[in-house]
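*Asks:* Quick note on the UniProt record's numbering: the sequence shown kicks off at 1 and runs consecutively.
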Amino acid sequence: MDIPTKIQTLRDELNQHNHNYYVLDKPTISDFEFDQLLKQLQELETQHPEFFDENSPTQRVGGSITKNFNTVAHEHRMYSLDNSYSTEDLMDWEVRIQKILGNVDLDYTCELKYDGASISITYENGKLKKAVTRGDGFQGDEVTNNIKTIRSIPLQLKGNYPPKFDIRGEIILPFAGFEKMNQELIEIGETPYSNPRNTASGSLKLQDSAEVAKRPLDCLLYFIVGNNLPFKTQFEGLETARNWGFKVPSQAKLAKNMQEVLEFITYWDVHRHDLPYETDGVVIKVNSLQHQDELGYTSKSPRWAMAYKFKSEQVSTRLNSISYQVGRTGAITPVANLEPVQLAGTIVKRASLHNADQIEKLDIRIGDKVFVEKGGEIIPKIIAVAERGSESFPTVYITNCPECQTALERKEGEANHYCPNFYGCPPQIIGRIQHYITRKAMDIEGLGGETVALLYQNGLVKNYADLYDLKIEQILPLERMAQKSAENLINGIEKSKEVPFERVLYALGIRYVGETVAKKLAKHYKNIDAIANASLMDLILVDEIGDKIAQSVIEFFENPENRITVERLKNVGVQLTLDESKSTVVSNVLEGKTFVVSGVFEKFSRDDLKKAIEDHGGKVGSSISAKTNFVIAGDNMGPAKLEKASQLKVPIISENDFLGMIGDYKK
Ligand code: AMP
Ligand code: ZN
Numbered sequence: 001m002d003i004p005t006k007i008q009t010l011r012d013e014l015n016q017h018n019h020n021y022y023v024l025d026k027p028t029i030s031d032f033e034f035d036q037l038l039k040q041l042q043e044l045e046t047q048h049p050e051f052f053d054e055n056s057p058t059q060r061v062g063g064s065i066t067k068n069f070n071t072v073a074h075e076h077r078m079y080s081l082d083n084s085y086s087t088e089d090l091m092d093w094e095v096r097i098q099k100i101l102g103n104v105d106l107d108y109t110c111e112l113k114y115d116g117a118s119i120s121i122t123y124e125n126g127k128l129k130k131a132v133t134r135g136d137g138f139q140g141d142e143v144t145n146n147i148k149t150i151r152s153i154p155l156q157l158k159g160n161y162p163p164k165f166d167i168r169g170e171i172i173l174p175f176a177g178f179e180k181m182n183q184e185l186i187e188i189g190e191t192p193y194s195n196p197r198n199t200a201s202g203s204l205k206l207q208d209s210a211e212v213a214k215r216p217l218d219c220l221l222y223f224i225v226g227n228n229l230p231f232k233t234q235f236e237g238l239e240t241a242r243n244w245g246f247k248v249p250s251q252a253k254l255a256k257n258m259q260e261v262l263e264f265i266t267y268w269d270v271h272r273h274d275l276p277y278e279t280d281g282v283v284i285k286v287n288s289l290q291h292q293d294e295l296g297y298t299s300k301s302p303r304w305a306m307a308y309k310f311k312s313e314q315v316s317t318r319l320n321s322i323s324y325q326v327g328r329t330g331a332i333t334p335v336a337n338l339e340p341v342q343l344a345g346t347i348v349k350r351a352s353l354h355n356a357d358q359i360e361k362l363d364i365r366i367g368d369k370v371f372v373e374k375g376g377e378i379i380p381k382i383i384a385v386a387e388r389g390s391e392s393f394p395t396v397y398i399t400n401c402p403e404c405q406t407a408l409e410r411k412e413g414e415a416n417h418y419c420p421n422f423y424g425c426p427p428q429i430i431g432r433i434q435h436y437i438t439r440k441a442m443d444i445e446g447l448g449g450e451t452v453a454l455l456y457q458n459g460l461v462k463n464y465a466d467l468y469d470l471k472i473e474q475i476l477p478l479e480r481m482a483q484k485s486a487e488n489l490i491n492g493i494e495k496s497k498e499v500p501f502e503r504v505l506y507a508l509g510i511r512y513v514g515e516t517v518a519k520k521l522a523k524h525y526k527n528i529d530a531i532a533n534a535s536l537m538d539l540i541l542v543d544e545i546g547d548k549i550a551q552s553v554i555e556f557f558e559n560p561e562n563r564i565t566v567e568r569l570k571n572v573g574v575q576l577t578l579d580e581s582k583s584t585v586v587s588n589v590l591e592g593k594t595f596v597v598s599g600v601f602e603k604f605s606r607d608d609l610k611k612a613i614e615d616h617g618g619k620v621g622s623s624i625s626a627k628t629n630f631v632i633a634g635d636n637m638g639p640a641k642l643e644k645a646s647q648l649k650v651p652i653i654s655e656n657d658f659l660g661m662i663g664d665y666k667k
């Protein structure tokens with residue numbers, strides 16, 4: 001097989017496997033086999049950059065940066081939908097359209113109304129060309145690079161598609177993925193996202209497409225627009241989109257009359273809670289495209305479609321008490337303990353009360369009957385008081401920490417109260433050590449969160465440095481601790497001394513210092529003392545380190561106890577210096593510059609060239625954008641890249657020019 005055929009075959013195979021996995025939910029190979037195929041393709045593409053294709057499955061990982069999203073006009077306007085809330089509304093609608101159509105036989109396509117961010121994707125000759133947000137309906141933001149990272153959206157279509165069309169759909173974040181993202185935020189002491197819809201729509205506007213690629217987004221399609229489409233009804237349109245490779249939910253149903261529409265609504269009003277993503281209603285569409293044409297549009301929405309909004313499910317129940325939880329960062333969360341009640345298929349006992357402002361605004365009191373609603377979040381929330389309890393008193397928010405009795409603080413502009421007793425408050429102490437041992441931090445094998453709590457309760461550890469002083473005879477007497485597990489624990493702790501500096505920095509649990517920030521700081525300062533002694537100004541000058549992070553780093557090291565803990569870690573041999581032999585930072589001459597590498601080179605392999613860019617502080621981008629500062633071109637640079645570079649006026653340089661740039665700093 002010649003190279004281009006081999007590349008094409010791999011791309012086709014990978015596209016099909018993506019489809020099986022993300023659209024059909026029926027993978028036919030293991031993740032490992034998939035990764036192997038992808039790796040093969042990546043290698044071939046690296047060796048033969050002349051066959052570069054922006055729609056190759058290798059491009060799904062993202063990497064391009066968009067500073068400003070271009071505003072582009074929709075070729076076909078994106079309308080909104082009229083809303084209805086009752087059977088009568090729907091009957092009235094049918095009467096109105098029958099008046100225009102002249103009492104014809106009508107059937108309807110019923111679909112669920114997915115709650116996310118709408119998107120319009122243009123395909124030309126079967127390839128994804130561009131993706132644009134709804135914006136004001138006439139024009140939106142072009143977010144193509146971000147959209148391409150969503151695995152269920154085909155980059156290459158199958159079957160018999162017209163040369164050009166737009167397809168409309170909803171970008172959603174399924175509950176499970178949303179919960180996982182929030183779990184990770186909570187782990188680093190950040191505020192979790194409030195709901196899946198806002199998070200999905202916010203994701204589309206992230207500047208770094210590699211970040212979007214990490215988010216478990218999905219896209220559900222519901223409408224094709226274009227000329228000479230090969231179908232005559234909405235229902236066939238959905239079927240057709242499915243055949244071309246799009247993810248179209250199977251719940252859509254053809255209803256022969258309004259009676260069947262109402263049955264669909266009644267069914268899904270209950271069963272929507274079993275779906276893995278959020279829906280907020282049903283969309284009813286006149287099925288025949290010819291009828292749709294005759295009905296046309298009002299100034300803002302099609303006459304041939306109607307949304308039916310579900311009433312969000314609410315129940316009222318008694319608020320028995322309020323408890324207050326203390327997180328790792330000391331943040332206090334009030335939780336409502338309710339008289340257990342059935343809501344949307346589950347029994348609810350607890351609900352979130354958010355913070356003191358929320359309690360005050362709604363004037364929620366113990367003993368009240370309150371309305372509880374289930375929205376996008378797994379934990380339901382209290383939305384209003386239904387009935388004032390007898391003998392009720394206004395809720396007085398706690399003034400002291402429920403765990404350590406320290407007076408709470410509330411920073412200017414922050415919604416939450418905090419317990420400032422960083423070093424004496426048990427859930428904070430335990431939480432910090434639990435964070436220290438997690439997989440992305442020190443990854444200590446043989447030690448789990450519960451054991452940490454046990455060690456603390458038995459007075460064996462008060463901070464993570466204490467872990468390194470543990471002796472096997474101290475832990476053996478602990479509950480459920482056998483000789484073997486005790487040994488594993490000690491070995492796991494010992495092994496953590498090899499964990500590289502950037503992960504140790506993350507493990508320290510400095511507020512706002514997540515994995516990425518830790519890497520940046522490690523790379524820039526190279527050792528812990530340099531970070532500890534940096535001034536606020538100094539820190540802010542580091543690429544991508546803002547006020548909030550800088551301030552938090554300063555506060556951490558201002559504290560003498562933290563300094564002692566870090567000193568102890570250093571003395572036992574934990575990595576607090578960047579290992580230059582592993583990470584080869586050489587200079588910062590290329591700081592703030594983004595390079596795209598294209599073609600074959602004489603003095604470097606492509607990987608070495610990329611490494612050289614990073615070693616000198618530069619960034620490597622995967623595709624040319626307005627953010628690219630230089631394209632380093634070798635032999636056989638792809639024509640598409642050449643054109644893009646000249647279009648955006650990005651300077652094209654040779655490998656020798658590049659060597660000149662890093663000149664004196666060359667290793
Ligand atoms: P609204 O934002 O209330 O005007 O509702 C219109 C929006 O509903 C559209 O812009 C779509 O983003 C969204 N939507 C969700 N599911 C569907 C569906 N099955 N058919 C049409 N629109 C839908
Ligand atoms: Zn406390």
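Beta carbons are placed, not taken as given, at the ideal position from N, Cα and C, and that holds for glycine. Only a predicted model underlies this, so the values are computations on that prediction, with no experimental measurement involved.
On a Cα-Cα basis, can you pick out the residue from Asp579, Leu576, Leu569, Met661 that is closest to Ala612?
*Replies:* Taking only the C-alpha atoms, the option nearest Ala612 is Met661.
*Asks:* Beta-carbon distances below 5 Å to any heavy atom of the ligand AMP define the shell here; list its residues in chain order, please.
*Replies:* Those satisfying the condition are, in chain order, Ser80, Leu81, Glu111, Lys113, Tyr114, Ser118, Glu170, Tyr222, Val283.
*Asks:* Given a cut-off of 8 Å, decide if Ser312 and Ile366 are closer than it, judged by their beta-carbon atoms.
*Replies:* Contact: no.
*Asks:* Can you pull the DSSP bridge partners for Ala200?
*Replies:* According to DSSP, Ala200 bridges with nothing at all.
*Asks:* CB-CB under 8 Å to Arg272, same chain, minus the five flanking residues each way: which ones, in chain order?
*Replies:* Correct list, in chain order: Leu112, Thr279, Phe310.
*Asks:* Tell me whether Thr122 is buried or exposed, calling it buried when 16 or more other Cβ atoms sit within 10 Å of its Cβ.
*Replies:* Classification for Thr122: buried.
*Asks:* Ordered along the chain, which non-local residues of its own chain (more than five positions away) have a Cβ less than 7 Å from that of Asp657?
*Replies:* Contacts found: none.
*Asks:* Closer than 7 Å: is that where the CB of Thr199 sits relative to any heavy atom of the ligand ZN?
*Replies:* No - the ligand ZN has no heavy atom lying nearer than 7 Å to the Cβ of Thr199.
*Asks:* From the DSSP output, in three-state form, read off Glu170 for me.
*Replies:* The answer is strand: DSSP assigns Glu170 an E or B state.
*Asks:* Expressed to the nearest angstrom, what Euclidean distance is found between the alpha-carbon atoms of His354 and Asn182?
*Replies:* The straight-line gap from Cα to Cα measures roughly 15 Å.
*Asks:* Have a look at Asn20, Asp469, Glu558, Thr516 and flag the residue whose alpha-carbon is nearest the alpha-carbon of Glu494.
*Replies:* Of Asn20, Asp469, Glu558, Thr516, the residue nearest in Cα terms is Asp469.
*Asks:* Answer with buried or exposed for Lys256, where buried requires no fewer than 16 other C-beta atoms within 10 angstroms of its C-beta.
*Replies:* Exposed, because fewer than 16 other Cβ atoms sit within 10 Å of the Cβ of Lys256.
*Asks:* Report the three-state DSSP secondary structure of Arg318 (helix, strand or coil).
*Replies:* If DSSP states are grouped into helix, strand and coil, Arg318 belongs with the strands.
*Asks:* In terms of residues, what are the limits of the alpha helix (DSSP H) holding Phe34?
*Replies:* Where Phe34 is concerned, the enclosing alpha helix (DSSP H) stretches over 31-47.
*Asks:* If you drop the 5 nearest sequence neighbours on each side, which residues of the same chain put their C-beta closer than 6 Å to that of Val596?
*Replies:* Answer for Val596: Gly621, Ile624, Thr628, Val631, listed in chain order.
*Asks:* Looking at the ligand ZN, does it come within less than 7 Å of Glu403, judged from the CB to the closest heavy atom?
*Replies:* Because some heavy atom of the ligand ZN lies under 7 Å away, the Cβ of Glu403 counts as near it: yes.
*Asks:* Please list the terminal residues of the continuous alpha helix (DSSP H) segment that includes Asp579.
*Replies:* That residue, Asp579, is in no alpha helix (DSSP H); it is neither H nor E in DSSP.
*Asks:* Quick check on the burial criterion: 16 or more other C-beta atoms within 10 angstroms. Buried or exposed for Lys666?
*Replies:* Note that Lys666 scores a pLDDT of 47, beneath 50, so its modelled location is shaky; the value from the coordinates is reported in the next line. Looking at its Cβ environment, which holds fewer than 16 other Cβ atoms inside 10 Å, Lys666 is exposed.
*Asks:* Which term fits Phe235, buried or exposed, when burial requires 16 or more other beta carbons within 10 angstroms of its beta carbon?
*Replies:* Buried, because 16 or more other Cβ atoms sit within 10 Å of the Cβ of Phe235.
*Asks:* Span of the alpha helix (DSSP H) holding Tyr79?
*Replies:* Tyr79 -> no alpha helix (DSSP H), and no H or E assigned at all.
*Asks:* For Arg151, tell me which candidate among Asp89, Asn55, Met91, Thr438 has the shortest Cα-Cα distance.
*Replies:* Of the candidates Asp89, Asn55, Met91, Thr438, the one whose C-alpha sits nearest the C-alpha of Arg151 is Asn55.
*Asks:* I need the DSSP call for Asp543, collapsed to helix, strand or coil.
*Replies:* Of the three classes helix, strand and coil, the one that applies to Asp543 here is coil, per DSSP.
*Asks:* Going along the chain, which residues of its own chain have a beta-carbon closer than 6 Å to the beta-carbon of Lys649, five neighbours each way excluded?
*Replies:* Closer than 6 Å at Cβ, skipping near neighbours: no residue.
*Asks:* Going by beta carbon distance, what residues of the same chain come within less than 8 Å of Ile429, once the five residues before and after it are set aside?
*Replies:* Excluding sequence neighbours, Ile429 sits near Tyr423, Tyr456, Lys462, Asn463.
*Asks:* For a test of the three-state rule: what should DSSP assign to Asn146, helix, strand or coil?
*Replies:* Residue state, collapsed to three classes: helix.
*Asks:* Give me, in chain order, the residues of the same chain whose beta-carbon lies closer than 6 Å to that of Gly431; leave out the 5 immediate sequence neighbours on both sides.
*Replies:* Taken in chain order, the residues that qualify are Arg328.
*Asks:* Residues in the same chain with beta-carbon distance under 6 Å from Gly509, minus the five sequence neighbours each way, listed in chain order, please.
*Replies:* The answer, listed in chain order, is Arg432, His435.
*Asks:* Contact check, Asp443 vs Phe501 under 8 Å by CB: the rounded distance?
*Replies:* In fact, because the Cβ distance is near 14 Å, the residues do not count as touching under 8 Å.
*Asks:* Would you list the residues sitting across from Asn400 in a DSSP beta bridge?
*Replies:* DSSP output for Asn400 lists Ala407 as bridge partner(s).
*Asks:* In three-state terms, what does DSSP make of Ile632?
*Replies:* Ile632: strand per DSSP, three-state reduction.
*Asks:* If you measure between the beta carbons of Val348 and Val372, is that distance less than 8 Å?
*Replies:* In this structure, Val372 lies closer than 8 Å to Val348 by Cβ.
*Asks:* Does the Cβ of Val326 lie closer than 7 Å to at least one heavy atom of the ligand ZN?
*Replies:* Yes, the ligand ZN has a heavy atom inside 7 Å of this Cβ.
*Asks:* Are the beta-carbon atoms belonging to Gly116 and Ile167 less than 8 Å from one another?
*Replies:* No, Cβ-Cβ distance for Gly116 and Ile167 is not below 8 Å.
*Asks:* Does the region 390-399 come close enough to the region 409-416 that 3 or more CB-CB pairs lie under 8 Å?
*Replies:* Because the criterion of three Cβ pairs below 8 Å is not met, the region 409-416 and the region 390-399 do not touch.
*Asks:* Can you have a look at Asn458 and say buried or exposed, based on whether 16 or more other CB atoms are within 10 angstroms of its CB?
*Replies:* Its Cβ having fewer than 16 others within 10 Å, Asn458 is exposed.
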